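Colleague:
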Amino acid sequence: MTNDKSKKIRVRFAPSPTGTLHFGATRTALFNYLFSENKKGDLILRIEDTDTERSEIKWEKDIIESLKWLGIKYNEFYRQSERKDIYAKYIKKLLDEDKAYYCFCSKQELKEKQNYAFSQGKAPVYDKKCSNLDKKTIKKYLDEKKPCIIRFRCPTKKIIFQDIIRGKIEFDFNLLGDFAIAKNINSPLYNLAVVIDDYDMKINFVIRGEDHISNTPRQILLSQALGFDAIKYAHIPLILGPDKSKLSKRHGAESISEYREKGYLREALINFMAFLGWNPGTEKEIFSMEELIKEFTLEKIQKSGAIFNINRLNYLNGLYIRNKDINELTKLCIPYLIKTELIAYLDDEENLENAKYKIINTNEIIDFNYIKQTIEVYQERLKFLSEIPELTDFFFKDKLEYDKDLLKWKNMDNNEVVSILDKLENILSEIKTENFNRQNLEKILIAEAEKIGDRGKLLWPLRVALSGKKASASPFEIASIIGKEKTIDRIKYSRGLFE
RNA sequence: GUCCUUAUCGUCUAAUGGUUAGGACGCCACUCUCUCACAGUGGUAAUAGGGGUUCAACUCCCCUUAAGGACGCCA
């Protein structure tokens, strides 16, 4: 017991590079990370690329990039494809000890038997046809290069294991059958590779999705046959789509890289993910990675699957955007403004805060501070970073396009709008450039609006003239950012629409 | 079909034998207000069904029902 406690916790995240890193897998990675950090242990990233047909390096890259972006760090990295010698050694051992055997049944034959078993309402368990071939026959077949596979001689015993989350789980060996463990000496299959790696990498806790529960008895049997130490298992619930089936592309589930592109903050994603199937048992719901690490325990993981609720993610994202340091937020938004060709870098400045930018539409040169001001007035309205260009485009354009009727507040007619616009031009022209700031504008304009009675009569046309939108930041904010000259130009332009 | 797993508001969940069943998202209303947001206040809404055990059951046991997962020479 004391011995057990002193042992360093080692866990692993073992994705196969057959697609982009998705939400469910990422949550598994996160739980492994939180657990290992909490216990001051190690997290191993193991790329399970034994399926050479489907594995691709670009997916591996996506996985590594996404984890890095999220801040899920690991201590060691392995690729199963680079460990074939190790597996070969154990496959030979199993064969030599007669714990595994060659099977020469054709795929076709097996498929037919499987279908038959299904039709009889039975589990399609391999019938051990090749389990006792004599050595001569095996050698002959191998020499002939007859297609084959290596099967594990499944012991006839009941498998019981303790799952940290679910408690005791029992399986009947009869349902397991002599499952396949390798295509040949050099090509192990999933179950075998996992068992060998977990042993070799000194993994002592396996935290993985519930969909692996049924693999667990096979892996335990294999590990016992090889004389390895027992591992503790924690099978976490699946993340479900709105229809309650396992979350997948079918539900429009996007990869982490796509969430990133859309403008989700890593903090929001992590916080959201952690609370899908786990909670600290208190009413606090906003957690940083550090706080999660501190609080995380496997015991508080939920048993039932959790439906992915995009509303909540969006709420959290807005919350984290609002709480973000404005300089940091601006830096995060700039790439979106550049991508949508509102602005461009003027030179190759590495530091975004010192860089100069060009407004593409007007050729004006602006600095970081100008952009920062535009972001600042939208900080509390932003749900995703990718929204920033459409929200703030009027700060980076000369001519605004909108219907002149949009300038009308409630039941205003043309004459009324025109007279208000004239009035606005007069009032604003009289404000000195150095006094053209938010507080002053608000003071003066509110006072004028009060005189009219219905504030909207003055403020709505002004806001539309400045933004061209039916919803935007306040006119005081916009005017102070674009300055006196442009403010008056835009009022004149809107006035011109009525001639 | 067989095996495994699960079951509290629409959703994420709290309450591990005694609570008016709590919080958050969403939704609705109100306040604020030039719009959109933000913020604030209030409201809506749940123990799947049936049996036990117990003075007492969301909580423990059994059955039913429903849902999900696994059943590959994928991982």
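This note's numbering runs 550 ahead of the 1-based position in the first sequence. Ideal Cβ positions, reconstructed from N, Cα and C, are used throughout, including at glycine. Here the structure is a predicted model, which is why all the values come from computation and not from measurement.
Is the CB-CB distance between A894 and K874 below 7 Å?
Modeller: What you label residue 894 is simply residue 344 of the first sequence in a count that begins at 1. What you label residue 874 is simply residue 324 of the first sequence in a count that begins at 1. It is not a contact, given that the beta carbons lie outside the stated cut-off.
Colleague: The beta strand (DSSP E) with C653 in it runs from where to where?
Modeller: Stepping through the first sequence from its first residue, residue 653 is reached at position 103. Taken as a continuous stretch (DSSP letters only), the beta strand (DSSP E) holding C653 covers A650 to C653.
Colleague: What residue does the alpha helix (DSSP H) around F918 start on, and which one ends it?
Modeller: Locating residue 918 in the first sequence gives position 368, counting from the first residue. Looking at the DSSP string, the run of the alpha helix (DSSP H) that includes F918 is F918 to E926.
Colleague: Compare the Cα-Cα distances from V744 to each of I876, I636, D1004 and K982 and report the closest residue.
Modeller: Indexing the first sequence from 1 puts residue 744 at position 194. Comparing Cα positions, the closest option is I636.
Colleague: With burial defined as no fewer than 16 other Cβ atoms inside 10 Å of the residue's Cβ, what is the status of F581: buried or exposed?
Modeller: Taking the first residue of the first sequence as 1, we reach residue 581 at position 31. Per the 10 Å Cβ criterion, buried.
Colleague: In whole angstroms, what is the alpha-carbon distance linking S1022 and I1028?
Modeller: Residue numbering aside, residue 1022 sits at position 472 when the first sequence is read from its first letter. Residue numbering aside, residue 1028 sits at position 478 when the first sequence is read from its first letter. Approximately 9 Å between the Cα atoms of the pair.
Colleague: Note the first and the last residue of the continuous alpha helix (DSSP H) segment covering Q658.
Modeller: Working through the first sequence from its first residue, we reach residue 658 at position 108. Looking at the DSSP string, the run of the alpha helix (DSSP H) that includes Q658 is K657 to S669.
Colleague: Terminal residues of the continuous beta strand (DSSP E) containing E720?
Modeller: Sequence index remark: in the first sequence, residue 720 carries index 170 (1-based). Segment G717 to F721, the beta strand (DSSP E) holding E720.
Colleague: Identify whether A732 lies in helix, strand or coil by the three-state DSSP scheme.
Modeller: The count along the first sequence starts at 1 and reaches residue 732 at position 182. Three-state DSSP puts A732 in a strand.
Colleague: Once you ignore the five residues that flank N553 on each side, which residues in its own chain have a CB closer than 6 Å to its CB?
Modeller: One-based indexing of the first sequence puts residue 553 at position 3. For N553, the predicted structure reports a pLDDT of 45, less than 50, and the residue's modelled location is therefore unreliable. A value from the coordinates is still provided. Hits under 6 Å: none found.
Colleague: Between which two residues does the alpha helix (DSSP H) containing F627 stretch?
Modeller: Within the first sequence, the letter at position 77 stands for residue 627. Premise fails: F627 lies in the beta strand (DSSP E), E626 to R629, not in any alpha helix (DSSP H).
Colleague: Can you name the start and end residues of the alpha helix (DSSP H) that K690 belongs to?
Modeller: What you label residue 690 is simply residue 140 of the first sequence in a count that begins at 1. Looking at the DSSP string, the run of the alpha helix (DSSP H) that includes K690 is K685 to D693.
Colleague: Using DSSP's beta-bridge definition, name the partner residues of V756.
Modeller: Against the first sequence, residue 756 aligns to sequence position 206. Paired residues: Y783.
Colleague: Would DSSP call R701 helix, strand or coil?
Modeller: Within the first sequence, residue 701 is the residue found at index 151, counting from 1. It is a strand residue.
Colleague: Only counting the same chain, and skipping five residues up and downstream in sequence, which positions put a Cβ closer than 7 Å to that of C883?
Modeller: Position 333 of the first sequence, counting from 1, holds the residue named residue 883. Excluding positions up to five away in sequence, the list reads I925, L935 and I938.
Colleague: Inspect the beta-carbon positions of R768 and F723 and report whether they are closer than 7 Å.
Modeller: Here residue 768 refers to the residue found at position 218 of the first sequence. Here residue 723 refers to the residue found at position 173 of the first sequence. Going by C-beta atoms, R768 is not nearer than 7 Å to F723.
Colleague: Taking buried to mean at least 16 other C-beta atoms within 10 Å of its own C-beta, is Q712 buried or exposed?
Modeller: Residue numbering aside, residue 712 sits at position 162 when the first sequence is read from its first letter. Looking at its Cβ environment, which holds fewer than 16 other Cβ atoms inside 10 Å, Q712 is exposed.
Colleague: Buried or exposed, going by whether 16 or more other CB atoms sit within 10 Å of the CB of L1008?
Modeller: To locate residue 1008, count along the first sequence from 1; it is residue 458. Per the 10 Å Cβ criterion, buried.
Colleague: How about K1053 and L896: do their beta carbons lie closer than 7 Å?
Modeller: A question about residue 1053 goes unanswered here, because the residues of the chain that appear run from 551 up to 1049.
Colleague: Under three-state DSSP, which class holds A1029?
Modeller: Here the question's residue 1029 lines up with position 479 in the first sequence. Looking at A1029 - three-state DSSP - the assignment turns out to be helix.
Colleague: Please determine, among G1006, I613, V967 and F986, the residue with the shortest C-alpha to C-alpha distance to K1034.
Modeller: Mapped onto the first sequence, residue 1034 falls at position 484. Per the Cα distances, F986.
Colleague: So, S616 versus S807, is the Cβ gap smaller than 7 Å?
Modeller: Position 66 of the first sequence, counted from the start, is the residue given in the question as residue 616. Position 257 of the first sequence, counted from the start, is the residue given in the question as residue 807. Yes, Cβ-Cβ distance for S616 and S807 is below 7 Å.
Colleague: Can you tell me which of the three DSSP states L869 falls into?
Modeller: Indexing the first sequence from 1 puts residue 869 at position 319. Here L869 sits in helix by DSSP.
Colleague: Excluding the 5 residues preceding and the 5 following E930 in the sequence, name in chain order all residues of the same chain whose CB lies nearer than 7 Å to its CB.
Modeller: The residue given as residue 930 occupies position 380 in the first sequence. Here the set comprises R872.
Colleague: If we ignore side chains and look at the alpha-carbon of each, how far apart do I851 and D1004 end up?
Modeller: Taking the first residue of the first sequence as 1, we reach residue 851 at position 301. Taking the first residue of the first sequence as 1, we reach residue 1004 at position 454. Looking at the two C-alpha atoms, the distance is approximately 55 Å.
Colleague: Give me the residue from P674, Y676 and I735 with the minimum Cα distance to K639.
Modeller: Looking up residue 639 in the first sequence gives position 89. Among P674, Y676 and I735, the Cα nearest to that of K639 is on I735.
Colleague: Helix or strand or just coil, what does DSSP make of P674?
Modeller: Your numbering for residue 674 matches position 124 in the first sequence. Coil.
Colleague: Distance, Cα to Cα, E891 vs T912?
Modeller: For this step, residue 891 is matched to residue 341 along the first sequence. For this step, residue 912 is matched to residue 362 along the first sequence. One C-alpha to the other measures close to 12 Å.
Colleague: Taking all protein chains shown into account, decide if I1031 is buried (16 or more other Cβ within 10 angstroms of its Cβ) or exposed.
Modeller: For the purposes of this step, residue 1031 is identified with residue 481 of the first sequence, where counting begins at 1. Buried, by the Cβ-count rule.
Colleague: Suppose you measure from the CA of F778 to the CA of E899; what does that come to, to the nearest Å?
Modeller: Translated into positions along the first sequence, residue 778 becomes position 228. Translated into positions along the first sequence, residue 899 becomes position 349. Distance between the alpha carbons of F778 and E899: 56 Å.
Colleague: Between the region 646-666 and the region 679-698, are three or more C-beta pairs nearer than 8 Å?
Modeller: The region 646-666 vs the region 679-698: in contact.
Colleague: Could you work out which residue in F858, K834 and F1048 is closest to T972 when comparing CA atoms only?
Modeller: Start at 1 with the first residue of the first sequence, and residue 972 comes out as number 422. Sequence inspection shows Asp at residue 972; the Thr mentioned does not correspond to that position. The option with the nearest alpha carbon to D972 is F1048.
Colleague: Quick check: what's the CA-CA separation for Y749 versus K649?
Modeller: In the first sequence, residue 749 corresponds to position 199, counting from 1. In the first sequence, residue 649 corresponds to position 99, counting from 1. So the alpha carbons of these two residues sit roughly 18 Å apart.
Colleague: Which residues does DSSP pair with V1014 in a beta bridge?
Modeller: As a first step, residue 1014 must be located in the first sequence, where it is residue number 464. Answer by DSSP bridge pairing: none, since V1014 is not bridged.
Colleague: Please say whether R562 and M823 have beta carbons closer to each other than 7 Å?
Modeller: One-based indexing of the first sequence puts residue 823 at position 273. One-based indexing of the first sequence puts residue 562 at position 12. The answer is no: Cβ separation not under 7 Å.
Colleague: Based on Cα-Cα distance, which residue from K1001, K752, I836 and L866 lies nearest to S773?
Modeller: Here residue 773 corresponds to residue number 223 of the first sequence, with the count starting at 1. Ranking the options by Cα distance to S773, first place goes to K752.
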